[in-house]
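Okay, structure first, notes after.
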Amino acid sequence: MAKDVEVGGQGGEFQAKDYNDPPPAPLIDAEEFTQWSFYRAIIAEFIATLLFLYITVLTVIGYKSQTDPAKNADPCGGVGILGIAWAFGGMIFILVYCTAGISGGHINPAVTLGLFLARKVSLVRAILYMAAQCLGAICGCGLVKAFQKAYYNRYGGGANELADGYSKGTGLGAEIIGTFVLVYTVFSATDPKRNARDSHVPVLAPLPIGFAVFMVHLATIPVTGTGINPARSFGAAVIYNQDKAWDDQWIFWVGPFIGAAIAAFYHQYILRAAAVKALGSFRSTSNI
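If you count by our numbering, then the sequence shown holds residues 428 to 715, one letter each, in order.
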């Protein structure tokens, strides 16, 4: 049986690979329905997204309450935008760390879509993950409203809306680029090629993913409130249920899905050269 090879070193010589790429996931894998690990993973995605929305939406509402001019509050009080960004990034770090070994720690339909396009998960798993994530987000926001209904309604319910002064195109672009940063980081942090060379990468994988969420929030909270996660935006819109949140909802689905698709294509076909590997190395017959 021929060894896997990859181009490396000077002169483009072939070297044996020191890592193994997992085989592409089947489009539809009926066997998954017979495995408890499959249902356990769906439950893990539901609970993780519920906890994610519960903590982050509470943080957003708490900040708005602490800086409410109507209460003569200190406008510089509360956690600030920096604290909100930390809440989102920190929770993703925690939850990816906790659930990566069970479900992969997606906690985001855009991440799930990107991994599906890269053939990392089956279509059945991708659809059920997305459903579990959206349901978890609704339940997480529902808990916030149940515990603090007056504050929830008064301070916007953590719903994503396009900020005044920005066009829909600007908001869409912010969501596309922000999600690209996140999904690109997910691919890079979990790349088996890197894992083989850097043994510390699997342990630290949740850290760059959490930091990506943190950095994107710093950049785009003033524009869209930062979605980059359709389940997060959908769950908040369902519970808050106001016209503005629904009118802008399409931005928080179309933008993240486009960004995730671009990130999957970039990582798989540019950085990992999947198309070239599928056809055989062109360097073996090239004069370049």
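Where is the CB? At the ideal position from N, CA and C, for every residue including glycine.
Starting from residue i and walking both ways along the alpha helix (DSSP H), at which residues does that stretch end?
i	result
residue 573	550-574
residue 526	507-526
residue 459	No alpha helix (DSSP H) holds residue 459; DSSP gives it neither H nor E.
residue 594	Neither: residue 594 is in no alpha helix (DSSP H) and is coded neither H nor E.
residue 636	633-651
residue 537	536-544
Residue i: which of the options sits nearest, CA to CA?
i	options	result
residue 461	528, 551, 535, 613	551
residue 599	544, 641, 675, 639	675
residue 659	576, 502, 566, 637	566
residue 487	513, 497, 553, 496	513
residue 553	642, 503, 469	469
residue 568	665, 453, 465, 679	665
residue 537	633, 490, 609	609
residue 617	485, 459, 528, 493	528
residue 685	654, 604, 651	604
residue 515	474, 549, 636	636
residue 588	683, 490, 651	651
residue 472	535, 667, 504	535
residue 453	496, 549, 545, 466	549
residue 690	459, 656, 545	545
residue 485	575, 642, 531, 606	575
residue 511	493, 525, 556	493
residue 508	584, 641, 572, 699	641
residue 614	559, 601, 632	632
residue 543	483, 687, 570	687
residue 678	669, 458, 491, 602	602
Can you list, in chain order, the stretches of the alpha helix (DSSP H) that have 4 or more residues and sit fully within the region 659-698?
-> 670-674, 678-692
Indicate whether the contact test is met: 3 or more Cβ pairs, each with one atom in the region 686-701 and one in the region 590-598, closer than 8 Å.
-> no
When the Cβ atoms of the region 632-647 are set against those of the region 574-588, are three or more pairs found closer than 8 Å?
-> no
Counting Cβ pairs closer than 8 Å, one from the region 517-536 and one from the region 475-489, do we hit at least three?
-> yes
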